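Report on the following structure.
In our numbering, the protein residues as written are 1 to 307.
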């Protein structure tokens, strides 16, 4: 079974019949709307169904949840340990909830496809984003299936990618955005303390066994390649993520919650609402070291490490 069948085959990872949770897929590759449950009061059975729906559809959306901060953290804990941002920790901040606020003087800073925190050797497994104050127009978020991107490569390109590792590190854009939040001293701290991590270019999902092309805007270059060679290959692969057939787009309303699997998706927060006000709240859940396991292998061929 290829990775895309995790979403398209109705027999794979379907929630149990006869329970309150209802799942409506948004397309064949990625995304589903969940109805019939309250995220602040999930039974164990409902959480199990929600988890299976997430594995199958990679990102799920729920309307009218209006989670409090305590509810938000409690929901994240159902999946594991909420994760503080490594940059924030370096600046003495262990907060696990993070506000994403845009104003007329604070421009959006994440308008590009990425997976969160991949410069860290143990990036998060999933993220939960709440819509708090939503502009009347603009401000949608896109998610792309990295399963679908990988599955649609030629067999030869898959073989090449399986043999490669990539250096993920804080980009200049990321460093400047951090300076705006924490001050100029953050630049030296990031450059000294966050040298980056080396990740397999193809990632095996620990729970589903699916193979995904593990791309992120944090990738600096392919290990072992000259920079121009790396730029050509990464440019080609990253361009595939822009294919709308691999994407889902969510139009936010206040009270919405999106939950996504960081191990097999990229996301992009559009900035077309600027200069209108927009306020979101996010929590991520700790993960392990990404690894690549050839189909059927029990041991990883590549595993994420510090650079």
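Think of the CB as a built atom: it goes at the ideal place given N, C-alpha and C, for glycine as much as any other residue. This one's a predicted model, so the numbers in the text were calculated from it and none came from an experiment.
Asked, Found
"CB of residue 212 within 8 Å of CB of residue 150, strictly", "yes"
"Straight-line gap, residue 230 to residue 116 (C-alpha atoms, nearest Å)", "21 Å"
"3-residue-minimum beta strand (DSSP E) runs that sit fully inside the stretch 78 to 125, ordered along the chain", "98 to 102"
"When 271, 69, 92 are compared against residue 99, the one with the closest alpha-carbon", "69"
"Outcome for residue 173 when other beta-carbon atoms lying within 10 angstroms are tallied against a minimum of 16", "exposed"
"Residues near residue 108 by beta carbon distance below 7 Å, same chain, minus five either side", "102, 269, 271, 274"
"Sufficient close CB pairs (3 or more, under 8 Å) joining the stretch 23 to 42 to the stretch 57 to 67", "yes"
"Which residues DSSP lists as bridging residue 142, in chain order", "249, 268"
"Beta bridge counterpart(s) of residue 62 as assigned by DSSP", "257"
"8 Å Cβ shell around residue 91 - same chain, five flanking residues per side excluded", "182, 186, 189"
"Check whether residue 267 and residue 141 have beta carbons under 8 Å apart", "yes"
"Residue 305 burial status per 10 Å Cβ neighbour count (16 or more: buried)", "exposed"
"Per DSSP, the bridge partner or partners of residue 316", "Absent from the structure is residue 316, since the part of the chain shown begins at 1 and ends at 307."
"CA nearest to the CA of residue 279, picked from 132, 78, 210", "132"
"Residue 72 CB to nearest heavy atom of the ligand HEM below 7 Å", "Absence of the ligand HEM is noted for the structure shown, with no ligands found whatsoever."
"Proximity of residue 40 and residue 67 at Cβ, strictly below 8 Å", "yes"
"Exposure of residue 93, with buried meaning 16 or more beta-carbon neighbours within 10 Å", "exposed"
"Option nearest residue 242 by Cα separation, candidates 61, 113, 106, 124", "113"
"Status (buried if at least 16 other CB within 10 Å, exposed otherwise) for residue 236", "exposed"
"Identity of the residues DSSP links to residue 130 by a beta bridge", "257, 281"
"Extent of the continuous beta strand (DSSP E) to which residue 202 belongs", "202 to 204"
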